[in-house]
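Notes to accompany the following structure.
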Amino acid sequence: MPFVSKFNFEKFNLYLWKILESEDTLKVGIKMNFSLKERLNCSGNLEHRKRILSIYQLLKTAGISEADLSHNSLGAPVLKSGLNISISHSKLYSGIVLSSFKVGIDIEYFRSKIINISPKFLNSNENSARGNIEKLTIIWTSKEAIYKAYSKKELSFSKQIKIDKPFVVDKICSGSVMLNDEVKIYGLSTFKLDSHIVSVAYEKK
């Protein structure tokens, strides 16, 4: 199976999977508990079911059983162990990130329509990325990852989440959430896989 890699960082462990198998192949070795069966039955889309199953293959690779995973009232994944987890999947890749810190991950593939929606998530500090699909995807995934790590609703991507320059891959940078006079700082690690961007955010203490 094309498990891509495990990346060990000081603040988190990242697991990535390239989704090339059939649905039946992705089911091999996974215990089909009620919760997982329900999720699969609710999805009429084959590709989405394969993405869900690839996540469970990653959990198995990380030594996490299906029974250890649940979701909170916001729909965010939770582990019984108390370890922080975040999950993402896109067109061809899925990923999980594990950390003792609050953490988030987002994976997106390059799409030209991000140029059209960029005014909805850019702030004045980020306007230099306008028209650049790669930079916009880096900013978008970074904000999504921070949103997941912050784990609360009602954040404005353009007004309350800020990404610091430079907007490039393979370089540690930072971002922040500004809400009600409170500022939380997040470290960001961003990678490029084929035509995808993977961004991981972790809370700095």
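Numbering that gives the first Met the number 0 applies: residue 0 is where the sequence shown begins, and numbers increase by one.
C-beta: ideal position from N, C-alpha, C; glycine also.
Item, Value
"Could you work out which residue in T24, E65 and A148 is closest to K36 when comparing CA atoms only?", "E65"
"Taking all protein chains shown into account, do 16 or more other C-beta atoms lie within 10 angstroms of the C-beta of K203, making it buried, or fewer, making it exposed?", "exposed"
"Tell me which residues share the same chain as S173 and place their Cβ nearer than 7 Å to its Cβ, disregarding the 5 neighbours each side in the sequence.", "D163, I184, Y185, G186 and L187"
"Helix, strand or coil for D67? Go by DSSP, reduced to three states.", "helix"
"Helix, strand or coil, according to DSSP, for K147 in the structure here?", "helix"
"Return the CA-CA distance between K10 and S98, expressed in angstroms with no decimal places.", "6 Å"
"Could you give the distance in angstroms between the alpha-carbon of I104 and the alpha-carbon of I95?", "7 Å"
"When the cut-off is 9 Å and only beta carbons count, does V96 lie next to chain B?", "No chain B appears in this structure, which consists of one protein chain only."
"Could you check if I171 is buried or exposed, using at least 16 other CB atoms within 10 Å of its CB as the buried criterion?", "exposed"
"Could you tell me the alpha carbon to alpha carbon distance between K147 and D23, rounded to whole angstroms?", "30 Å"
"Might you give, ordered along the chain, the residues of its own chain that have their beta carbon closer than 6 Å to the beta carbon of T233, omitting 5 neighbours on each side?", "In this structure the chain extends from 0 to 204, so residue 233 is not present and cannot be described."
"Give the DSSP bridge partners of P76, in chain order.", "H70"
"Assign N124 to one of three DSSP states: helix, strand, or coil.", "helix"
"Which residue's Cα is closest to the Cα of V102: S89, G81, I113 and K17?", "G81"
"Touching or not, the stretch 74 to 93 and the stretch 53 to 62, by the rule of three or more beta carbon pairs under 8 Å?", "yes"
"Indicate whether the contact test is met: 3 or more Cβ pairs, each with one atom in the stretch 175 to 182 and one in the stretch 122 to 135, closer than 8 Å.", "no"
"Considering only heavy atoms of the ligand ATP, does any lie closer than 8 Å to the CB of S72?", "As for the ligand ATP, it is missing from this structure, which has no ligand bound."
"May I ask you to report which of helix, strand or coil DSSP gives D105?", "strand"
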